[in-house]
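Reviewing the structure listed below.
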Amino acid sequence: MIRTLLLSALVACCGVPTYPPYVSSVVGYEEARPNSWPWQVSLQYTSNGNWYHTCGGSLINNSWVLTAAHCISSSRTYRVALGRHNLYIAESGSLTVSVSKTVVHPDWDSSDVSKGYDIALLKLANPVSLTDKIQLACLPPAGAILPNNYPCYVTGWGNLQTNGTLPDVLKQCRLLVVDCATCSSSGWWGSTVKTCMICAGGDGVIASCNGDSGGTLNCQAADGRWEVHGIISFGSSLGCNYCHKPSAFTWVSKYIDWINSVRTGPA
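All letters in the sequence shown, in the order written, are residues -25 to -1, 1 to 242 by mature numbering (1 follows the signal peptide of the UniProt record, and there is no 0).
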């Protein structure tokens, strides 16, 4: 009976981890508490019989994962790893599921990332069961806007610095949102950043980096739930932590209608 109630609660809730994440003002990447971002997935592709991490993603439904369009190649075969902390050891409660379908936003242009629309959905071959280690991310209300300096957390297995090595375990870092007026000003990203993007970081110390792409900008709502407000899209070619070049994220709240249409569309 208790187990049934627990599973029912997991299905009904999103954005409320069984193991709450470490929330601090620490500057720089820190190891995440295991399974504290239980919607975080590792998107992996196969090559010569081996599987390799390429991007992050967020579980938003038992059958769907949200990621970045630039992570997807039609020539590759993908799977997602869920419930993972360390990508290189077998962990209890984790699993891998094949991707049966990829849906990239129709306006995505791989030759020009700065145009926006860097968003894709992955349909899993089999629906996953929710547990204490695998849970759903919340999507924000359509059109939701984050104020300047709003604290959020980016998570992933990406490089910790420019040309750095990939970590074994999931990392997190606290980033402050940069409002559109600042981010699109000439001293920052200028016209490269469009109104369909969110900026966060830009202090020259910490930012998302290679391997984080497709991962989540997690922002806590007033009711305590964590919402996926951004999908890691791009950073500066000058380096991951370049001053006044914050990480650029796909603004999820502007794509809610598209996400819903894909999830409820033809199989």
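Every residue, glycine too, gets a C-beta built ideally from N, C-alpha and C.
- E6 counts as exposed, since fewer than 16 other C-beta atoms from the protein chains shown sit within 10 angstroms of its C-beta.
- The Cβ atoms of T42 and A95 sit closer than 8 Å to each other.
- Annotated three-state conformation of T157 is helix, per DSSP.
- Excluding the 5 residues flanking it on each side, F209 has same chain C-beta neighbours closer than 6 Å at V88 and A223, in chain order.
- Residue nearest to I35 within the set S22, P9 and L97 is L97 (criterion: CA-CA distance).
- Within the DSSP secondary-structure output, S49 pairs in no beta bridge.
- In the three-state scheme derived from DSSP, where H, G and I count as helix and E and B as strand, S188 is classed as coil.
- Distance from the CA atom of Y4 to the CA atom of I173, rounded to whole angstroms, is 20 Å.
- For I231, the enclosing alpha helix (DSSP H) starts and ends at I231 to R238.
- Straight through space, the alpha carbons of S159 and V227 are spaced by roughly 18 Å.
- The DSSP-derived three-state label of V103 is coil.
- CA-CA distance, G190 to C30, rounds to 7 Å.
- Distance from the CA of A175 to the CA of L192, rounded to the nearest whole angstrom, comes to 9 Å.
- Under the three-state reduction of DSSP output, S(-2) falls in the coil class, being neither helix nor strand.
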